[in-house]
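Novice:
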Amino acid sequence: MISQTQRKGKDSLMKKEKLLTSLAAASMVLTQAGQMSVFAKGATADGTDINSTPANKEESKIEKTEKELLQEKINEAQKKADEAKEAEEKAQKVYDTYNEGTYVPTKANVNTLKSNYDASSLEAQKAIVSELEKQVANLEENQKKLGQANEQKKALQTQLDKTTNALADANSKLQEAQKKYDALLNGTSEEEISKDVEEKEKALAEAQKALEEAQNTVSTLTQQKTETEAKATEATQNVENAQKAYAEAQTSVNEAQKALDTAVANYNEKKAIYDGASDPTIKAQYEADIKNAENELVTAQTNLQVALENQTAKANAVTSAEKSLSDVNQEILNLDAQIAEKQKALDELNQTINDAETALNEAKAQLETAKANQASKEKELETAKANLEKAKQDVTTQQSKVNEAQEAVIAQEKVVTQLRTDKEQAQAKIEQGSKGFFEAYGYTDALKILEEQSTANGGSTNIGAENDATSLENFKRALSMVRYGNALRTGDTNFTNLEDLKVNPTLFAISQVQINATANGKVFGHSKLYNVGENIAASPWSENDKGLYEGWYDSEKQVYDYITAKGWTITEVRNDQNKYNEVMEAVGHGNIQVGHYLALVNPDYTVSGAGYIYSKTPAPDGYRCNAGQVFANPKYSSNITDANTMTIDEFEAQFNAYYNKLMNADSILKDGELKLEALKAELENQRQVLGTKTAAQTNAQTNVATVQTQVTQATNATARAKANVATKQAAFDKLCDDDTAFNMANEITGLRTQKAQLETVDRVNAQKALENAQQEKKDADQNVENKKGIVNDAQATLKKRKDVLDEANKGIETAKANLDVAEKDVDVKSKALGEALKDENTKKSLYTASQKTLETAKKDAQQKADELETAKAEETKKASVVQTAKASLETATLKQKSLKDLKAEIASTQEQIGAHQKAIKDFNEAIAKLDETIGQLENEQASIKDVKGQVEKAYEAYKKLCADPVGFMDVVDSDNDVVLGLYSKMGSMRTAYEEYATALNVFLGVEAQWNANKEQLENASRDYETAKAELDKANKALTSYLDKIKKEEEAKKAEEEAKKAEEEAKKKAEAEAKKAAEEAKKTQSESQKKTGTVNTGAETALGFYALSGVLGLAGVAFTGKHARKED
């Protein structure tokens, strides 16, 4: 519609331009014609008429003046028309430029976003309707299955009832048979009886078999016992024979060994003789050996003689050493006697001195005791005085504690009184919201902000209201926003080394009132109440810090990172649709802006405050949740200074203290009251302690007086003790001044010194010399014995060597014969020993084996005897078992026979019952399964209905959203992904609408400008039309004037024609009379006719009239055209 109007406007303007061009040309012609008409009457350029009379000149001047006035009006109208045309052309250019450059793209974007919203809405509608239809279909299918399941359950229940009745009949029959059966069984069972019969039959068979086996065993063991006893007797005899043979063999071995030893010795001797006889060298060696043996014997005998002499000398040395030791001991004994005699005299003298010394020491001890007692008492007095001072100090200190406790009680009573007042005022304080907090800490600037923007003063802040940012809960919630934002700010990767934003109570107040203003506005946007940086956000539901800052920081940082990497600015992106689309696709969302992010990381912002609102119902801006954060710098801000600027930790500590005090007023009051009671108890306790300490002070004062008396007494006792010591010291000194005891002591000391010398030196040396002499005597004795052994060995060796040499000298044949005989004798003896050893081993083995055989035989015989006795006892026992088993089997068999008929009847009935029970079980299982299915279907139905209800609610929410896209959207609490998906689509729909609404708002602004441009163009066109109308009016006035002139010219012409006819008649009459005169008149008349003055004026007037007619028609055509555009 707008585009058609624009096209019509363009066509109309083109036609206007052409028409105006024609009018301008006509106006120029008209002006020229008017001028010509003036000069047509013979007027010169200066206005004089050479042929006219003065009267004619005046008339001509008047005509010129009126015409000139009309011409001036035309010129002025033409000028205005030209100016109006220029203004229209400019307005047209502005209109066209804005229309094509801004209006058309903006409208196209609105149309696109409207299409997106319509598509999103249609998609949401289709999804909701589709899901609703699906849930309805699911519900119908569920109801169908539920009906079928109930019908099946009903049929199964009927069959179950019939089978249950049949089971009851069978049970009655079974009970009757069972009673008989049980009476016969008497607590047992058929199976047990059958098993018992079988066991008894088996037991009888086993008993009979066992008896038979036992009988066979007795027979076998009797025979085996006889055999083993015979073997034992035989084995005993064999042992005796083997033992005797073994003893004889041992004797033979011993004798053979002795014989062999003798033979070997003889052989060795014979071998040496033979070697000497057969080998001159060996013989010569034997002779040399004899010489050596003789020399060794002489040497040994000489050494023995020396040893004997040394032995005698050592014996004499022992005797001498014994005498020396005896002499030293005797001398010591003599000194002991002298010391004892002198010591006795000295002891008697010393006893006298000791008695005096003891008396002196006792006196000194008494003095020391007196001094110690005096010192003790004096110390005790000091302690008593110190205790008294301490007791006084304790009383003073305790009195201070009592005073302090009293003051604490008084102070706490004031606190409790205040706490009671606080408790009564807590709710009122809570209802004051942040105002109460700001008042509590004296933040007057923040209070002014709240007051300025309060509802009482026409603002949007309802101080302390639940859905207002100033409520304590919303205030408390806002604190974490600053903390969360600081974490993002200080961790930012683009702007590093940023510090945490500090906070200021005034900025919190500003943020609170501004977000209140935003929430209470009809359209979400910045309130701009104060000159601060601000980030704001809104949501249909409660948002945590992460949710808020995902929009402000995370998504915008993605955009900033991307465009920065590309080297673009956000302005370039917004002005370039391709770049805009690229960024949107790259970051995966449509939040293509960076302002909130840059505000948060702006290094120039150092202080912040935040505001948060969450209400149960949407705020006027359409959202339940509204949040904002403001930023400033004290250096440049007119709102804050460094005063009251602090860290978020410091500020939050203040807030928490205030908040907890209000929220916990009851418990704080209770704690205060408990503390007051405790302080009162402590005051009473301190007063009791004061009484105790006052009593202690009185006791200390009494004790000081008592101890002071004791000190005086101790001082007097010390003086008496000192006098006694002086007396005893004089007596003792007198005894000590006598030299007798000293001299005697010196003599005893000298004697003891001599004795000590003898005991420690002389006697030790003598004892040591004796011990050395005795050891040397012992060594000499052993040496003599050793030397005697050596002499004996040398004599034996010499004799043996001489005997060997003597035998060797008898001849080699004899030596050889003797050697052979000796060797044969060795062989015989060796063989005899070997045979004897072999025989001994054989006899030993036989003896050992016979012992084992005897032991085994005895063991076997005893075992068989024991087994035989056991077997006989077992035989008797098993015979009895057989008899018992026979009787038991007969009883069991009779009982078993009696149960057979009942057993068959019971088995048959039980089979029927089992069939019935199985059928009942099957029916119950089938019914249970159906119940489970029905339960599942009912649960499924409830779930379907629930989901269907949620979808219906979603549909209602959708319809509300369609009716009011920015209004509150009811969101059900659901964990169903499909339902959540529907709300997600509605969320997308709402987002699409918000984008459309935003674009539409922009378009409305653009359209307003476009309409202004259009209006300006229309006004310019209207002004141009007016100017043309004025020009037309001027032209019409001129035309009217020309018409008047034309009529006057026509009347004049008629008059002139009549006059001319008259003149011609007159001329004709006169012509005949005056030819010459007529000729002259005729010449003059022809001359006038040739000038054409009157005819040219008429033609001009007609020309003007014709032109006026053309202009008039053109004007009418233009005016009609203009009227149609406005319509």
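According to this note's numbering, the sequence shown is numbered sequentially starting from 70.
The beta-carbon is built from N, C-alpha and C at its ideal position, and this holds for glycine as well.
Keep in mind the model is a prediction, meaning the values are calculated, not measured.
Assuming contact is defined by CB atoms lying nearer than 8 Å, are Glu-904 and Tyr-336 in contact in what I supplied?
Specialist: Counted from its first residue, the sequence shown places residue 904 at position 835. Counted from its first residue, the sequence shown places residue 336 at position 267. Their beta carbons are not under 8 Å apart, which means Glu-904 does not touch Tyr-336 by this criterion.
Novice: Count Cβ pairs between the segment 542 to 554 and the segment 648 to 665 that sit closer than 8 Å; are there 3 or more?
Specialist: no
Novice: On the DSSP letters alone, give me the boundaries of the beta strand (DSSP E) that Gln-1259 sits inside.
Specialist: A query on residue 1259 cannot be resolved here, the shown segment of the chain reaching from 70 to 1196 and no further.
Novice: Pick helix, strand or coil for Ile-351, following the three-state DSSP scheme.
Specialist: If you number the sequence shown from 1, residue 351 lands on position 282. Ile-351 falls in the helix class under three-state DSSP.
Novice: So who's on the other strand from Tyr-681, going by DSSP bridges?
Specialist: Locating residue 681 in the sequence shown gives position 612, where the first residue counts as 1. Per DSSP, Ala-696.
Novice: Have a look at the DSSP bridge pairing and note the partners of Ser-523.
Specialist: Numbered from its first residue, the sequence shown carries residue 523 at position 454. In DSSP, Ser-523 forms a bridge with Thr-530.
Novice: For Tyr-622 and Tyr-186, I'd like the C-alpha separation in whole angstroms.
Specialist: As a position in the sequence shown, residue 622 is number 553, starting the count at 1. As a position in the sequence shown, residue 186 is number 117, starting the count at 1. Computed Cα separation, rounded: 27 Å.
Novice: From Ala-901 to Lys-912, what does the alpha carbon distance come to, in whole angstroms?
Specialist: One-based indexing of the sequence shown puts residue 901 at position 832. One-based indexing of the sequence shown puts residue 912 at position 843. Cα to Cα, Ala-901 sits roughly 16 Å from Lys-912.
Novice: In chain order, which continuous runs of the alpha helix (DSSP H) of length 4 or greater are located wholly inside the segment 474 to 521?
Specialist: 503 to 509, 513 to 521
Novice: Can you pull the DSSP bridge partners for Met-715?
Specialist: Counted from its first residue, the sequence shown places residue 715 at position 646. Paired residue(s): Val-572.
Novice: If you follow the beta strand (DSSP E) that Gly-602 is part of, which residue opens it and which one closes it?
Specialist: As a working note, residue 602 is residue 533 in the sequence shown. From DSSP, the beta strand (DSSP E) with Gly-602 extends over 602 to 608.
Novice: Spatial neighbours of Glu-281 within its chain, please: C-beta separation below 7 Å, excluding the five flanking residues on both sides.
Specialist: As a first step, residue 281 is located in the sequence shown; it is residue number 212 there, counting from the start. If we look at Glu-281 and ignore the five residues flanking it on each side, it has no Cβ neighbours.
Novice: Less than 8 Å between the CB atoms is what I'm expecting for Ala-1106 and Lys-142, so what's the real figure, rounded?
Specialist: The sequence position of residue 1106 within the sequence shown is 1037, counting from 1. The sequence position of residue 142 within the sequence shown is 73, counting from 1. With a Cβ gap of about 7 Å, Ala-1106 and Lys-142 count as contacting.
Novice: Going along the chain, which unbroken runs of the alpha helix (DSSP H) with 4 or more residues stay wholly within the segment 775 to 845?
Specialist: 809 to 826
Novice: DSSP beta-bridge partners for Val-676?
Specialist: Here residue 676 refers to the residue found at position 607 of the sequence shown. BP columns for Val-676 point to Lys-571, Ala-701.
Novice: Grab me the residues of Ile-639's own chain with a C-beta within less than 7 Å of its C-beta, minus the 5 sequence neighbours each way, in chain order.
Specialist: By one-based count along the sequence shown, residue 639 stands at place 570. Only Ile-632, Gln-662, Val-663 meet the Cβ criterion.
Novice: Check whether the Cβ atoms of Asn-702 and Ile-579 lie closer than 8 Å to each other.
Specialist: One-based indexing of the sequence shown puts residue 702 at position 633. One-based indexing of the sequence shown puts residue 579 at position 510. The answer is no: Cβ separation not under 8 Å.
Novice: Which of helix, strand or coil does DSSP assign to Gln-755?
Specialist: Walking along the sequence shown from the start, residue 755 turns up at place 686. It is helical.
Novice: Would Gly-1189 be called buried (16 or more neighbouring beta carbons within 10 Å of its own) or exposed?
Specialist: The count along the sequence shown starts at 1 and reaches residue 1189 at position 1120. Residue placement at Gly-1189 cannot be trusted, given a pLDDT of 35 that sits under 50; what the coordinates show is reported in the next sentence. Gly-1189 should be labelled exposed.
Novice: What first and last residue would you give for the alpha helix (DSSP H) that runs through Thr-978?
Specialist: Looking up residue 978 in the sequence shown gives position 909. Its alpha helix (DSSP H) spans residues 881 to 1032.
Novice: List the endpoints of the continuous alpha helix (DSSP H) containing Glu-1132.
Specialist: Position 1063 of the sequence shown holds residue 1132. Element bounds for Glu-1132: 1046 to 1142.
Novice: Going by beta carbon distance, what residues of the same chain come within less than 7 Å of Leu-377, once the five residues before and after it are set aside?
Specialist: One-based indexing of the sequence shown puts residue 377 at position 308. Hits under 7 Å: Val-853.
Novice: Suppose the cutoff is 8 Å on Cβ atoms and the five residues either side in sequence are ignored; what does the same chain contact list for Asn-772 look like?
Specialist: As a working mapping, residue 772 is identified with position 703 in the sequence shown. Taking Asn-772 as the centre and dropping the five residues before and after it, the same chain places the C-beta of Ala-453, Asn-456, Leu-457 closer than 8 Å to its C-beta, in chain order.
Novice: Using 8 Å for Cβ pairs, my map puts Ala-1098 next to Ala-153. What's the rounded Cβ distance?
Specialist: Along the sequence shown, one-based indexing puts residue 1098 at 1029. Along the sequence shown, one-based indexing puts residue 153 at 84. No, Ala-1098 and Ala-153 are not in contact; Cβ-Cβ is about 11 Å, not under 8 Å.
Novice: Going by Cα to Cα distance, which pick from Asn-219, Val-205, Val-198, Glu-267 is closest to Ser-957?
Specialist: For this step, residue 957 is matched to residue 888 along the sequence shown. The shortest C-alpha separation from Ser-957 is found at Glu-267.
Novice: Confirm, please, whether the CB-CB distance from Leu-576 to Val-601 is below 8 Å.
Specialist: For the purposes of this step, residue 601 is taken as residue 532 along the sequence shown, with counting starting at 1. For the purposes of this step, residue 576 is taken as residue 507 along the sequence shown, with counting starting at 1. Cβ atoms of Val-601 and Leu-576: closer than 8 Å.
Novice: Which same chain residues, not among the five before or five after Ala-304, have their C-beta less than 7 Å away from its C-beta?
Specialist: Counting from 1 along the sequence shown, the entry for residue 304 is found at position 235. Contacts found: Ser-919, Thr-922, Leu-923, Ala-926.
Novice: How many angstroms separate the CA atom of Leu-191 from the CA atom of Ala-1023?
Specialist: As a first step, residue 191 must be located in the sequence shown, where it is residue number 122. As a first step, residue 1023 must be located in the sequence shown, where it is residue number 954. Roughly 14 Å between the two C-alpha positions.
Novice: Beta carbon of Ala-1081, beta carbon of Met-1055: below 8 Å?
Specialist: Looking up residue 1081 in the sequence shown gives position 1012. Looking up residue 1055 in the sequence shown gives position 986. No, the pair does not count as a contact, with Cβ atoms beyond the cut-off.
Novice: Specify, as a first and last residue, the run of the alpha helix (DSSP H) that Pro-174 falls within.
Specialist: Indexing the sequence shown from 1 puts residue 174 at position 105. Unbroken alpha helix (DSSP H) run through Pro-174: 173 to 254.
Novice: Does the pairing of the segment 590 to 609 with the segment 666 to 681 give three or more beta-carbon distances under 8 Å?
Specialist: yes
Novice: For a test of the three-state rule: what should DSSP assign to Asp-416, helix, strand or coil?
Specialist: Along the sequence shown, read from residue 1 onward, the residue named residue 416 stands at position 347. Asp-416 falls in the helix class under three-state DSSP.
Novice: Pick out whichever of Leu-516, Asp-416, Asn-695 has its Cα sitting closest to the Cα of Asn-573.
Specialist: As a working note, residue 573 is residue 504 in the sequence shown. Taking only the C-alpha atoms, the option nearest Asn-573 is Leu-516.
Novice: With a 10 Å radius around its C-beta and 16 neighbouring C-beta atoms as the bar for buried, classify Tyr-1052 as buried or exposed.
Specialist: If you number the sequence shown from 1, residue 1052 lands on position 983. Under this definition Tyr-1052 is a buried residue.
Novice: Got a sec? Which residues, its chain only, sit under 7 Å from Gln-226 by beta carbon, not counting five neighbours each side?
Specialist: Along the sequence shown, one-based indexing puts residue 226 at 157. The residues are Ile-996.
Novice: Taking the alpha helix (DSSP H) that Asp-630 falls in, what are its first and last residues?
Specialist: The sequence position of residue 630 within the sequence shown is 561, counting from 1. Looking at the DSSP string, the run of the alpha helix (DSSP H) that includes Asp-630 is 624 to 635.
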